[in-house]
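Going by full-length UniProt numbering, the letters in the sequence shown line up with residues 1 to 289, in that order.
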Amino acid sequence: MKVLVVGGSGFIGRALAARLLDAGHEVDIWDRVRGEEGPRLRCHAVDLLGDEDLPRPTGRPWDAAFHLAAYSVPGMAWTQDLIMANLRMTARVFDHLAEAAPGCRAIFTSSAFVYAPASHRIQETDPLGAVHPYALSKHLGETWALSHQQALKVFIVRPFNQVGPGMAAGLLVPELMERLRGGENPIRMRGRDDIRDFLDWRDAMDAYLRLLEVDAPSGSIWNLCSGRATRVSELVRALLLACGREYPIAFADPAVESMVGDPSRLMAATGWAPSRSLQDTAEAIAAAR
Numbered sequence: 001m002k003v004l005v006v007g008g009s010g011f012i013g014r015a016l017a018a019r020l021l022d023a024g025h026e027v028d029i030w031d032r033v034r035g036e037e038g039p040r041l042r043c044h045a046v047d048l049l050g051d052e053d054l055p056r057p058t059g060r061p062w063d064a065a066f067h068l069a070a071y072s073v074p075g076m077a078w079t080q081d082l083i084m085a086n087l088r089m090t091a092r093v094f095d096h097l098a099e100a101a102p103g104c105r106a107i108f109t110s111s112a113f114v115y116a117p118a119s120h121r122i123q124e125t126d127p128l129g130a131v132h133p134y135a136l137s138k139h140l141g142e143t144w145a146l147s148h149q150q151a152l153k154v155f156i157v158r159p160f161n162q163v164g165p166g167m168a169a170g171l172l173v174p175e176l177m178e179r180l181r182g183g184e185n186p187i188r189m190r191g192r193d194d195i196r197d198f199l200d201w202r203d204a205m206d207a208y209l210r211l212l213e214v215d216a217p218s219g220s221i222w223n224l225c226s227g228r229a230t231r232v233s234e235l236v237r238a239l240l241l242a243c244g245r246e247y248p249i250a251f252a253d254p255a256v257e258s259m260v261g262d263p264s265r266l267m268a269a270t271g272w273a274p275s276r277s278l279q280d281t282a283e284a285i286a287a288a289r
């Protein structure tokens, strides 16, 4: 297949482009800075917030596209402009795909944070409750993408917590690893010991590739998650163990929020299932330091 990856320099974009190439696909990457090209790989420097025309496919149209580009660190200083920037990027990409590659399988990566927290495993039909600006930007992006579900085969993917080496600064894992390198003891967490759903990035790549082949209607929505309820403290302990450390952990906020996904729809449709444990992921992160 000929696949476009929009936002190819990020944590997920890099891993996805590499996995697509390994699987024999032809890959076009759009990013703010043009990367190195190679066999079956073309790279374009694209400013999605600018006014220049977006690149058209060379030769035949794209068979599939993954839209990953976004401001995506929930803890950053969010403003109305950043919310609208994420929407503008999504709008430009999906408008362009509808015109330049009609019928293309267009996959929008949203976020589990569009859901309201829940004590049960969250399904795709559960109520939405975006309150964080990042989640709001993703909810708006979903709406724009779905407005093209007649011209494109639109899939909405709602990832929960995808973790692995190479995550963006400002997120929990890279921040924690930096503190471990500095010898912090005890580990004082600024947030809460929430119940979350952590998915190994390699399992996520397996799922993304399955979505290239699945027979499902345009407009389908998919949770991308492990289905495992894991405390943040469990992830911290797994990383400590992988680094050969044993430090006490303290949380600043005693409140607890739960957000765990139900991957049943994706598993039933594609045959995919997560296969890596939390410790597998922690060891891969530690090995990449």
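Note that the Cβ used here is the ideal one computed from N, Cα and C, for glycine as well. Predicted, not measured: the structure shown is a model, and the values here were computed from it.
Candidates the options, of which the one nearest residue i by Cα
i	options	result
Ile-221	Arg-158, Gly-244 and Leu-239	Arg-158
Met-259	Arg-34, Val-114 and His-67	Val-114
Arg-190	Leu-176, Ala-282 and Asp-197	Leu-176
Ala-169	Glu-213, Pro-74 and Asp-28	Pro-74
Ala-101	Ala-64, Ala-216 and Ala-77	Ala-64
Val-3	Thr-79, Asp-253, Gly-24 and Phe-11	Gly-24
Asn-185	Val-256, Val-214 and Arg-237	Arg-237
Glu-283	Leu-209, Pro-263, Gly-164 and Gly-129	Gly-164
Ala-250	Arg-188, Asp-126 and Asp-28	Arg-188
Arg-228	Thr-125, Ala-252 and Asn-161	Asn-161
Leu-239	Pro-263, Ala-286 and Ala-77	Ala-286
Ala-288	His-120, Glu-178 and Asp-215	Glu-178
Arg-181	Ala-242, Asp-215, Pro-127 and Ser-137	Ala-242
Ser-137	Glu-124, Gln-80 and Ala-252	Gln-80
Ser-119	Ala-269, Gly-261 and Arg-276	Gly-261
Trp-78	Tyr-247, Pro-133, Pro-248 and Leu-209	Pro-133
Arg-60	Ser-226, Ser-275, Glu-257 and Met-1	Met-1
Pro-248	Asp-22, Phe-11 and Gly-183	Gly-183
Arg-19	Trp-30, Ala-207, Ala-116 and Gly-129	Ala-207
Asp-31	Leu-48, Glu-246, Leu-21 and Pro-39	Leu-48
Other residues of its chain near residue i: CB distance less than 7 angstroms, five sequence neighbours each side excluded
i	result
Gly-141	Asn-86, Leu-87, Thr-90, Phe-108 and Ser-110
residue 292	Residue 292 is absent from the structure shown; the chain starts at 1 and stops at 289.
Glu-234	Leu-278
Glu-37	Cys-43
Tyr-71	Leu-82, Ala-85 and Asn-86
Status (buried if at least 16 other CB within 10 Å, exposed otherwise) for residue i
i	result
Glu-26	buried
Val-33	exposed
Asp-203	buried
His-139	buried
Asp-197	buried
Pro-254	exposed
residue 291	Past the boundaries of the shown model lies residue 291; the chain is included only from 1 to 289, so the question cannot be answered.
residue 295	Here the chain covers residues 1 to 289 and nothing more, so residue 295 does not appear.
Pro-263	buried
Val-256	exposed
Arg-56	exposed
Val-5	buried
Asp-215	exposed
Neighbourhood of residue i by C-beta distance below 6 angstroms, restricted to the same chain and skipping five residues each side
i	result
Ala-15	Trp-201 and Met-205
Met-267	Ala-273
Ala-106	Ala-65, Leu-97, Leu-152 and Val-154
Gly-7	Gly-13, Leu-68 and Ala-69
Where residue i sits in the DSSP three-state scheme
i	result
Val-3	strand
Glu-184	coil
Ala-284	helix
His-44	strand
Trp-222	strand
Ala-242	helix
Ala-135	helix
Ser-258	strand
Met-89	helix
Arg-121	strand
Identified DSSP bridge partners for residue i
i	result
Lys-153	Arg-105
Phe-198	Asn-161
Gly-28	Note on residue identity: the sequence assigns Asp, not Gly, to residue 28. Bridge partners of Asp-28: Leu-4 and Arg-42.
Leu-128	Tyr-115
Arg-231	Ile-195
Phe-66	Val-5 and Ile-107
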